[in-house]
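Below is one structure, written out as structure tokens; the observations come after it.
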Amino acid sequence: MQEKLIRHTKEAFLSAFQSDPERIFLAPGRINIIGEHVDYSDGFVLPAAIDKHICFAVKKLNNSESCTFFAVDFNDSFSFNTNQKQTPVSQTWVNYLLGVFNAIQESGKAIGGLQIAFSSTIPMGSGLSSSAALECGFAFILNEIFNLNLSKKDLALIGQKSEHTFVGVKCGIMDQFASVFGKEHQVIMLDCNSLEHQYFEANLEGHSLVLFDSCVKHTHLTSGYNDRRKDVDKGKKKLWEKFPEIEKFRDFSFSMLDEVRPEIGEISYKRCLYLLKEIKRVEKAAKALSEGDTRYLGELLTETHSGLSTEFEVSCKELDFMVEETLKEDGVSGARIMGGGFGGCSINLIKDENVDEVIKNISAKYKMYFNIEMKVYRVKISDGIKEYKRNEFVI
Ligand code: GLA
């Protein structure tokens, strides 16, 4: 699949710029086993990079200040002068990239001319973080080509900043971190407060994580994502006013939250309650995962779905249906909506021998109920952003 994507992107580069690219980079999407919406609330998350990528074909232009992007999948391009300050433009896809450029320029680093064509196998609006792959992929390329000396952590933070400042989504750090730091076969346990992280082998004991794409598309610019953050911020503000000695959100207790409940109102209360519970679930899930306790891990995933649906209210009728029906199937340990919500994919923990049957049954039910063809992704946990070396395999 990667070979096809690379070939396609190289050919598109050639037809757009009338010469061959010099270097190829691959930036992956991500799954998240558990820990939703807690990345902007001092929580832990358990993401991993996957074998779906944005491929960038790149050529450096010496003695030039012109940078041109060709978005192969949109058949759209954009050029700008790297000596000038940039501001957001009307093409959303461009803003992910310009925001990265802007963050690097503001830090006083110099960037020269470039031609870039990119194409993707990460479905957009499906909760697999194509945005983070785009931002961080570009940051990685600039770092490599112009020797900017940025650390991997810097690259993830630059990607997040781009999304905050140029795109307008107040995302957490999970997606960018996973795209940059991913490792084959390894899940990342990330402390979103300190950005300390550790890798561990996902021990699924004869089970697979399979994604069902509801094909309900969303963008977090309009989805309600930023509103959820506001609800949470309202709760946090009161909590810290009342308990200033507490350092991290995750250290507030349920009884402290109860104390501010009348002041913050029911909506903020529900949002914060979900977050405190989810942060605790992630710690339990990490243990279950490392011990191969798929039954308990599955239970935790399902609890997360119920929290995301009823307390955080970021699910939708299609995903609720999908999860509910999936849980009735033999061999399913757990299921939940994954990512920011409002559409996208569910992540399902299914016994290997039952996977085909579950897919068949849920696809049929989903089609019958919503008249939508569900898509299925059997993803592999893969490396983070990297350069693809020409001699690694024949393209
Ligand atoms: C989106 C955001 C992330 C995170 C998830 C929910 O993917 O980009 O930062 O908040 O939603 O866990």
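With this note's numbering as the guide, the letters of the sequence shown map in order to residues 901 to 1295. Beta carbons: idealized from backbone N, C-alpha and C, even for Gly. Nothing here was measured: the structure is a model prediction, and the numbers come from that model.
Just verifying my parser: in three-state terms, what is the DSSP assignment at residue 1294?
The predicted model places residue 1294 with a pLDDT of 39, which falls under 50 and marks its position as unreliable, so this point remains unresolved.
Should residue 1297 be labelled buried (16 or more other beta-carbon atoms within 10 Å of its own) or exposed?
Outside the displayed range of the chain (901 to 1295) lies residue 1297, so it cannot be described from this structure.
Where are the beta strand (DSSP E) runs, 3 residues long or more, that stay fully inside the region 988-1072, in chain order?
1013-1020
From this set, 1110, 1050 and 1132, which residue's C-alpha is nearest residue 1072's C-alpha?
1132
Best match in 1043, 1063, 1173 and 1253 for proximity to residue 1105 [C-alpha to C-alpha]
1253
Taking residue 995 as the reference, which of 1260, 1143 and 1061 has the closest Cα?
1061
Sorted by chain position, which residues of the same chain lie with C-beta nearer than 8 Å to residue 1269's C-beta, five sequence neighbours on each side aside?
1221
Between residue 1238 and ligand 1, is the CB less than 6 Å from at least one heavy atom?
no
Buried or exposed for residue 1085, going by 16 or more other Cβ atoms inside 10 Å?
exposed
Less than 6 Å between the CB of residue 936 and some heavy atom of ligand 1, yes or no?
yes
Could you give the distance in angstroms between the alpha-carbon of residue 1148 and the alpha-carbon of residue 1077?
20 Å
Closer than 6 Å: is that where the CB of residue 1072 sits relative to any heavy atom of ligand 2?
Ligands in the displayed structure: ligand 1; ligand 2 is not one of them.
Buried versus exposed call for residue 942 [16 or more other C-beta atoms within 10 Å across all chains shown]:
buried
Taking 6 Å as the cut-off, does the CB of residue 1113 come closer than this to any heavy atom belonging to ligand 1?
no
With distances taken from CA atoms, which of 1110, 997, 1113 and 1196 is nearest residue 1181?
1196
Just mark residue 1090 as buried or exposed, buried being the case when its beta carbon has 16 or more other beta carbons within 10 Å.
buried
Considering only the alpha carbon of each residue, which of 933, 1285, 1208 and 1048 lies closest to residue 1184?
933
If you reduce the DSSP assignment to three classes, tell me which class residue 1152 lands in.
coil
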